[in-house]
Amino acid sequence: MLDAGRPADVASVAAILRDGGIAALPTETVYGLAGNALDPDVVGAIYAAKGRPSDNPLIVHVASAEDLPSVARTVPAAARALADRFWPGPLTIVLPRRDVIPDRVTAGLDTVAVRVPAHEAFRAVLRAAGMPLAAPSANRAGSPSPTTAAHVLHDLDGRIPAVLDGGPCDVGVESTVVDLTRTPPRLLRPGGVSLEQLREVLGEVEVDPAVVGVLAGDAVPGAPGMKYRHYAPTAPVVVLEGAVDAAAAYVRAQGLDHPAVLCFDEERPAFAGFEVVTYGSAGDAAGLARGLFDALRALDRPEVTHIFARCPAADDGLNRAVRNRLLKAAAFRVAAV
Ligand code: TXA
Ligand code: MG
Numbered sequence: 079m080l081d082a083g084r085p086a087d088v089a090s091v092a093a094i095l096r097d098g099g100i101a102a103l104p105t106e107t108v109y110g111l112a113g114n115a116l117d118p119d120v121v122g123a124i125y126a127a128k129g130r131p132s133d134n135p136l137i138v139h140v141a142s143a144e145d146l147p148s149v150a151r152t153v154p155a156a157a158r159a160l161a162d163r164f165w166p167g168p169l170t171i172v173l174p175r176r177d178v179i180p181d182r183v184t185a186g187l188d189t190v191a192v193r194v195p196a197h198e199a200f201r202a203v204l205r206a207a208g209m210p211l212a213a214p215s216a217n218r219a220g221s222p223s224p225t226t227a228a229h230v231l232h233d234l235d236g237r238i239p240a241v242l243d244g245g246p247c248d249v250g251v252e253s254t255v256v257d258l259t260r261t262p263p264r265l266l267r268p269g270g271v272s273l274e275q276l277r278e279v280l281g282e283v284e285v286d287p288a289v290v291g292v293l294a295g296d297a298v299p300g301a302p303g304m305k306y307r308h309y310a311p312t313a314p315v316v317v318l319e320g321a322v323d324a325a326a327a328y329v330r331a332q333g334l335d336h337p338a339v340l341c342f343d344e345e346r347p348a349f350a351g352f353e354v355v356t357y358g359s360a361g362d363a364a365g366l367a368r369g370l371f372d373a374l375r376a377l378d379r380p381e382v383t384h385i386f387a388r389c390p391a392a393d394d395g396l397n398r399a400v401r402n403r404l405l406k407a408a409a410f411r412v413a414a415v
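Just so you know, we're using this note's numbering here: the sequence shown kicks off at 79 and counts up by one.
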């Protein structure tokens, strides 16, 4: 379906969207699969292209904080304060929804998740299309979010008419999702804006239990998407916590045919003899976030039967988002070595 000889540009993508089509666009976090948020049929096409369960709601992207009242029924002072500080940027705010937002976008919830993205290409498309854009990450449901146009094509070529190539994404993990319809506000998904930054603006912020562990019994996560196994290569992933030499000894002791290791750049020598993919330097949380999904995709090959992953020990700043994505990829399986 894609015309490789004619790369998508802002004008052609905006035209596709105005005509009721869908297209993949870069954001500063990950690539999104965008379409008119006000048209239930378009939203249905987004779910179909991704193979996404319809109980997992989409984020509505708008051009500026001034558009909030057109999608949200009420805009509390806290939302204005967050918008002033972090928009445009990697923060999604959950607010009471207006009826103009179709049930399909919110999966029937009475709330809507809204964000003003920072990427210039996405902003130009928003202005040219003149409509709020629903956009989940532009991957097939279950795989790691795409951080390059090549990742999008790998997952969705033949299923969507266009990808606007904006180069690799700056942040590399999805936006932070915060629910302002609860008191105190609740962090539903850690991302490019840290919990510490949210607390500077909001004071007390609770962390949804789904961020840090498997939910017990029939407990429901605040963000429906957090209940799915996500970000995951086909092979099972285990997070290895502890000293690097003990971690290498642990992998060796398993006696597996084709284990692969995801680790920090400086840990590569400790895992000599294994297939190793690195995703950045241990102390550089922003670099780890940027490299994580590409590394998980590189490990997703049929001959790799087991993946052992090294994860930042600190749970602050962007490390919290990296830990959350890795623990979810591992279905919260952790070996303390
Ligand atoms: O960075 C991002 O947020 C990217 C780019 C494209 O903007 N988008 C993205 O969308 O990650 P998606 O659909 O992959 O993730 C949206 C998350 C899901 O966990 C979903 O359950 C949650 O937001 N969500 C959406 N609407 C919600 C609502 N009304 N209440 C609670 N959670 C909601
Ligand atoms: Mg997603």
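Using N, Cα and C, we set each Cβ at its ideal position, and we do this for glycine too. Computed from a prediction, not measured in an experiment: that's the story for all the values here.
Residue i - partner residues in DSSP beta bridges
i      : result
Thr170 : Val255
Ile385 : Val315, Ala338
Pro114 : The sequence given here has Asn at residue 114, not Pro. According to DSSP, which records beta bridges pairwise, Asn114 is partnered with Leu211.
Val192 : Val138, Ile171
Glu353 : Ala338
Arg346 : Arg346 is not bridged to any residue.
Arg264 : Asp257, Glu284
Ala219 : Looking at the DSSP assignment, Ala219 forms no beta bridge with any residue, so it has no partner.
Val298 : According to DSSP, Val298 bridges with nothing at all.
Leu146 : Answer by DSSP bridge pairing: none, since Leu146 is not bridged.
Val241 : Ala102
Asp45  : With the chain represented from 79 up to 415, any question about residue 45 goes unanswered, as that position is not in the structure.
Endpoints, the alpha helix (DSSP H) within which residue i is located
i      : result
Arg397 : For the sequence presented, residue 397 should be read as Asn rather than Arg. Element bounds for Asn397: 395–407.
Arg411 : Element bounds for Arg411: n/a, residue is neither H nor E.
Val322 : 322–332
Leu370 : 363–376
Ala161 : 155–164
Arg130 : Looking at the DSSP string, Arg130 is not in any alpha helix (DSSP H), and its letter there is neither H nor E.
Val183 : 181–184
For residue i, the first and last residue of its enclosing beta strand (DSSP E)
i      : result
His139 : 137–139
Ala92  : First-last for Ala92: 88–96, but that is the alpha helix (DSSP H), not the beta strand (DSSP E).
Glu274 : Here Glu274 belongs to no beta strand (DSSP E); instead the alpha helix (DSSP H) covers 273–280.
Counting Cβ pairs, one atom from each stretch, are 3 or more of them under 8 angstroms apart for the stretch 237–248 and the stretch 92–111? Output reads yes: the stretch 92–111 touches the stretch 237–248.
I'd like to know if the stretch 188–207 and the stretch 149–162 are in contact, where contact means that at least 3 CB-CB pairs between them fall below 8 angstroms. Result yes; three or more Cβ-Cβ pairs closer than 8 angstroms.
What does the shell around the ligand MG hold, if a residue joins when its beta-carbon is under 6 angstroms from any heavy atom? Pro214, Ser215, Ser223
Cβ pair count under 8 angstroms reaching 3, the stretch 358–366 against the stretch 376–386: no
At a cut of 8 angstroms, does the stretch 191–208 reach the stretch 158–171 through at least three beta carbon pairs? yes
Inspect the CB distances between the stretch 122–132 and the stretch 252–265 and report whether three or more fall short of 8 angstroms. no
Flag this pair as touching only if the stretch 253–273 and the stretch 221–240 have three or more C-beta atom pairs under 8 angstroms; answer yes or no. Verdict: no, contact absent.
Counting Cβ pairs, one atom from each stretch, are 3 or more of them under 8 angstroms apart for the stretch 219–231 and the stretch 169–182? Fewer than three pairs of CB atoms, one per stretch, sit closer than 8 angstroms, so the stretch 219–231 makes no contact with the stretch 169–182.
Counting beta carbon pairs with one atom in the stretch 138–147 and one in the stretch 271–289, are three or more of them shorter than 8 angstroms? These segments do not touch.
For the structure I just gave you, are there three or more beta carbon pairs, one from the stretch 400–412 and one from the stretch 314–329, closer than 8 angstroms? Enough Cβ pairs lie closer than 8 angstroms, so yes.
Is the stretch 115–131 in contact with the stretch 258–266, if contact means three or more CB pairs nearer than 8 angstroms? Because the criterion of three Cβ pairs below 8 angstroms is not met, the stretch 115–131 and the stretch 258–266 do not touch.
Are three or more beta carbon pairs between the stretch 201–214 and the stretch 89–107 nearer than 8 angstroms? Touching, per the Cβ criterion.
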